[in-house]
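Protein chains in written order, with this note's numbering: chain A, 1 to 397; chain B, 398 to 794.
Here it is in structure tokens:
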């Protein structure tokens, strides 16, 4: 392949990289494309975190072949302090490319050493190595890309040709920009979700529910959504939309919302208005998440048999997000302590959900709930109310 | 410049483009880089919106030179239906590059025609044109990039060389990916801001304030922040953080929040707790926006002279975001109708703010407020309460 078409291929890789907005998928793609582009055996992506490099992902075709598998990308997570004493540490701190024909025979006086642990642990022999800094458009270092054992056409390990260095530098820069974008994206999404959670909790400030209730319902709903066959993206929408289900309680007067005893029928009717109030607050948004949350707010107290509120819808006429959040909310209510009741065990709570299939709940939703039980139990445990207060503090004034 | 270094330059442009996350700046950068890369007189970026192309930006060096100015990027906004009957419309719908040596002398049988209006209106003569589809990594069309009047070294208009077509196609793809990312980013940010507004309004559901109050305070605060010398990014943070200033009112009982008459000193003390409650709801977030909003919630009733609440801070000890939102909130309160008072005119309201400089308000903040007066008046008018209810509906139950 001549230089121009190599560079053209590089541009295509750059376009593909910058289209990926999930950090995990992006890192996989970087290591696969870089190994392919440089015709080498293995590669590692290090991501900078302050004064450390995180060994994010690696891939080695020879090791995979040996165990009869396709070369998979392995997720790692070790955090290594940046210093000139090891290869990627040197590259990240100095911003220099290192092209080493034989890592067991480093140039005399090299400040860095090769760590042979990977070779020992995996019965592998690293020889040639090309390590390139990933710098973004402003020159900030985002990490390092390390490639090992370049192969010639006959499959012999050779040194990386010098001509590939500027191309790999360019690929690494494109990777850096793509990583930075994906990181900013994840940060923005995390901030968004944090806001939704806090404000959903705030809406329950006058109620007895806790911030953990909001979080649990959100995660239960996502787990059920995935088992209903939704894509990861659709299930994420459910996770973002679910916390706001009770936002309409803001419109219920203290005298009813905080009444210690049973409600009169008239009071109960006012209380049930929280579904329509929530819908009014959230309806008509340009944002898909908020439109979905409006649907959830309105429909999460409908029942499969038509005996719910506010509209008495039944069966498939109830929006699917409403059916999913109804399950998540009910399970959390049953399995948590309330001022007026003790929590039921997970087994008992699951039993109640199961026995209400087809009456209160969508039978297909209950099936999905049962398939998601492992995940749901893990959420129940990790976000248990008894662990003490979490920030932001709640539980009324 | 040889082919390889041209392609290398292209990769650098791609890296620069994908680093820009603001759509406006990105479009400017695309048209400038493309004209520079192709050594031509002018360029236009069309962005696809459904079945139309929006003429987003254009730039023409010769026209600028003639009026003695630097070539500026001109923002447009006209929406043109996509069809094969005009050049960019053809390119966007067919996905083909058009390289036309002379637009006044099109190949016989061309389905498209050249629109000479721009030439007539600007006393310009378009001759050569290169129009390239902007397709993203999946091949979806995002728009078209149109370049006019390629120049040789002697400054004569020539045809675009065929060799530049694949390079411009690649540049256009990189531009397409960058535009798509910036659009997704703006969509996510808009959804985030919409959520903050709705939930801030929801928090005021029990109060008499309107959704417009929340929006106005947010925009006033951004305008003041800009005049305080903050960057656009910092001012955007203020805009996102400001709406939540009264979220703590959720923790104030109906009996006090909704009391028609004057509050007793004890009741006033409970009412003033809304600052600390808001802080409790919002504090300790990983997200910068929420940390900023916690600061605003806590500090927006402090006074420059130390006679505010909850902490009685004075002068620079009051966080700057708190001082800015205090101004924005006070101006909106004075200039709006409340159940207990008529609105004051803008002139009167500004006078009150000015006379409270150094007592209630930070004098430097008041100066910034006065400089921002034009913008503030425009916001006041465009979001007036008297225009009737806006979605989401508010104003108590």
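By construction, the Cβ of each residue, glycine as well, lies at the ideal position given by its N, Cα and C atoms.
ask   = Under 8 Å Cβ-Cβ, which residues of chain B neighbour residue 177/A?
value = Mapped onto the first chain, residue 177/A falls at position 177. The answer, in chain order, is 412, 415, 416.
inquiry  = Distance cutoff 8 Å, beta carbons only. Does residue 198/A sit that close to anything in chain B?
reply    = Locating residue 198/A in the first chain gives position 198, where the first residue counts as 1. Judged by the 8 Å Cβ criterion, residue 198/A is in contact with chain B.
ask   = Using the C-alpha atoms, what's the distance from residue 478/B back to residue 708/B?
value = In the second chain, residue 708/B corresponds to position 311, counting from 1. In the second chain, residue 478/B corresponds to position 81, counting from 1. Our two residues, residue 708/B and residue 478/B, have alpha carbons roughly 59 Å apart in a direct line.
task = Just mark residue 661/B as buried or exposed, buried being the case when its beta carbon has 16 or more other beta carbons within 10 Å.
result = Taking the second chain and counting its residues from 1, the one referred to as residue 661/B is at position 264. Classification of residue 661/B: exposed, given that the 10 Å Cβ count is below 16.
message = Less than 6 Å between C-beta atoms, sequence neighbours within five positions excluded: which residues of the same chain meet that for residue 769/B?
response = Position 372 of the second chain, counted from the start, is the residue given in the question as residue 769/B. 620, 621, 624, listed in sequence order.
query = Can you tell me the Cα-Cα spacing of residue 755/B and residue 597/B, whole angstroms?
reply = As a position in the second chain, residue 755/B is number 358, starting the count at 1. As a position in the second chain, residue 597/B is number 200, starting the count at 1. Residue 755/B and residue 597/B have their C-alpha atoms spaced approximately 30 Å apart.
task = Below 8 Å on the Cβ atoms is my guess for residue 97/A versus residue 28/A; work out the distance and round it to an integer in Å.
result = Sequence index remark: in the first chain, residue 97/A carries index 97 (1-based). Sequence index remark: in the first chain, residue 28/A carries index 28 (1-based). Not really, about 23 Å apart at Cβ, beyond 8 Å.
key: residue 113/A and residue 53/A closer than 8 Å at C-beta   = Numbered from its first residue, the first chain carries residue 113/A at position 113. Numbered from its first residue, the first chain carries residue 53/A at position 53. Cβ atoms of residue 113/A and residue 53/A: not closer than 8 Å.
query = Can you name the start and end residues of the beta strand (DSSP E) that residue 44/A belongs to?
reply = The residue you call residue 44/A lines up with position 44 of the first chain. Unbroken beta strand (DSSP E) run through residue 44/A: 40 to 49.
ask   = What separation, rounded to the nearest whole angstrom, lies between the Cα atoms of residue 335/A and residue 574/B?
value = Reading the first chain from its first residue, position 335 is the one you call residue 335/A. Reading the second chain from its first residue, position 177 is the one you call residue 574/B. One C-alpha to the other measures close to 47 Å.
query = Who are residue 754/B's beta bridge partners in DSSP?
reply = Counted from its first residue, the second chain places residue 754/B at position 357. In the DSSP assignment, residue 754/B forms a beta bridge with 758/B.
ask   = By Cβ distance below 6 Å, which residues in the same chain neighbour residue 78/A in space, the five residues on each side in sequence not counted?
value = As a working mapping, residue 78/A is identified with position 78 in the first chain. Counting only Cβ-Cβ distances below 6 Å, and skipping sequence neighbours, we find 55.
ask   = So residue 319/A packs on residue 651/B, CB below 8 Å; how close in whole Å?
value = Taking the first chain and counting its residues from 1, the one referred to as residue 319/A is at position 319. Taking the second chain and counting its residues from 1, the one referred to as residue 651/B is at position 254. Their Cβ separation, rounded to whole angstroms, is 32 Å, which puts residue 319/A and residue 651/B out of contact at 8 Å.
ask   = Using a C-beta cutoff of 8 Å, does residue 419/B count as contacting chain A?
value = Residue numbering aside, residue 419/B sits at position 22 when the second chain is read from its first letter. Taking Cβ atoms only, chain A never reaches closer than 8 Å to residue 419/B, which makes this a no.
query = Going along the chain, which residues of its own chain have a beta-carbon closer than 7 Å to the beta-carbon of residue 712/B, five neighbours each way excluded?
reply = Position 315 of the second chain, counted from the start, is the residue given in the question as residue 712/B. By the criterion of a C-beta distance shorter than 7 Å, residue 712/B is surrounded in its chain by 701, once the five residues flanking it on both sides are discounted.
ask   = Under the rule that 16 or more other beta-carbon atoms within 10 Å means buried, what is residue 138/A, buried or exposed?
value = Along the first chain, one-based indexing puts residue 138/A at 138. Looking at its Cβ environment, which holds fewer than 16 other Cβ atoms inside 10 Å, residue 138/A is exposed.
query = Taking C-alpha atoms, which residue in 687/B, 532/B, 584/B lies nearest to residue 19/A?
reply = Counted from its first residue, the first chain places residue 19/A at position 19. It is 532/B.
query = chain B beta carbons: is any one of them nearer than 8 Å to that of residue 384/A?
reply = In the first chain, residue 384/A corresponds to position 384, counting from 1. Under the 8 Å criterion on CB atoms, residue 384/A is classed as non-interfacial with respect to chain B.
message = Below 8 Å, how does it come out for the region 585 to 597 of chain B and the region 552 to 572 of chain B: are there three or more Cβ pairs, yes or no?
response = No contact exists between the region 585 to 597 of chain B and the region 552 to 572 of chain B.
task = Note down, one range per segment and in chain order, each alpha helix (DSSP H) of at least 4 residues found wholly within the region 602 to 677 of chain B.
result = The DSSP assignment places complete alpha helix (DSSP H) segments of no fewer than 4 residues inside the region 602 to 677 of chain B at 608 to 624, 629 to 638, 651 to 654, 662 to 669, in order along the chain.
ask   = chain A partners of residue 586/B, CB-CB under 8 Å?
value = As a position in the second chain, residue 586/B is number 189, starting the count at 1. Correct list: 188.
ask   = Taking Cβ positions, are residue 694/B and residue 644/B nearer each other than 8 Å?
value = Here residue 694/B is taken as the residue at index 297 of the second chain, counted from 1. Here residue 644/B is taken as the residue at index 247 of the second chain, counted from 1. Cβ distance < 8 Å, so residue 694/B and residue 644/B count as in contact.
inquiry  = For a test of the three-state rule: what should DSSP assign to residue 581/B, helix, strand or coil?
reply    = Taking the first residue of the second chain as position 1, residue 581/B is located at position 184. Here residue 581/B sits in helix by DSSP.
message = Can you tell me whether residue 218/A sits near the ligand FAD, meaning its C-beta is under 7 Å from at least one heavy atom of the ligand?
response = No copy of the ligand FAD occurs in the structure displayed, which carries no ligand at all.
inquiry  = Does the CB of residue 401/A have a neighbour CB from chain B at under 8 Å?
reply    = Coverage of chain A is limited to positions 1 through 397, which leaves residue 401/A absent and any answer about it impossible.
ask   = What does residue 181/A reach in chain B if we use C-beta pairs closer than 9 Å?
value = Indexing the first chain from 1 puts residue 181/A at position 181. Chain B residues near residue 181/A: 415, 416, 418, 578, 582.
Three-state secondary structure (DSSP) of residue 569/B = Counting from one through the second chain, the residue named residue 569/B turns up at place 172. Note: residue 569/B maps to helix in three-state DSSP.
query = In terms of residue numbering, what span does the alpha helix (DSSP H) encompassing residue 64/A cover?
reply = Within the first chain, numbered from 1, the residue matching residue 64/A stands at position 64. It spans 61 to 66 - the alpha helix (DSSP H) in which residue 64/A sits, taken as one unbroken run.
request  = Verify the CB distance criterion: does residue 290/A have a CB-CB separation below 8 Å to chain B?
outcome  = Sequence index remark: in the first chain, residue 290/A carries index 290 (1-based). At least one beta carbon of chain B lies nearer than 8 Å to the beta carbon of residue 290/A.
key: Cβ neighbours of residue 548/B in the same chain (closer than 8 Å, five flanking residues each side left out)   = Position 151 of the second chain, counted from the first residue, corresponds to residue 548/B. Contacts found: 436, 437, 438, 554, 555.
task = For residue 483/B, collect the residues of the same chain with a Cβ closer than 7 Å to its Cβ; drop the 5 residues on either side in sequence, then sort them by chain order.
result = As a first step, residue 483/B is located in the second chain; it is residue number 86 there, counting from the start. Closer than 7 Å at Cβ, skipping near neighbours: 509, 510, 512.
key: residue 730/B, DSSP secondary structure in three states   = Here the question's residue 730/B lines up with position 333 in the second chain. For residue 730/B, the secondary structure class from DSSP, reduced to helix, strand or coil, is helix.
key: Range of the contiguous beta strand (DSSP E) that encloses residue 150/A   = For the purposes of this step, residue 150/A is identified with residue 150 of the first chain, where counting begins at 1. Residues 141 to 151.
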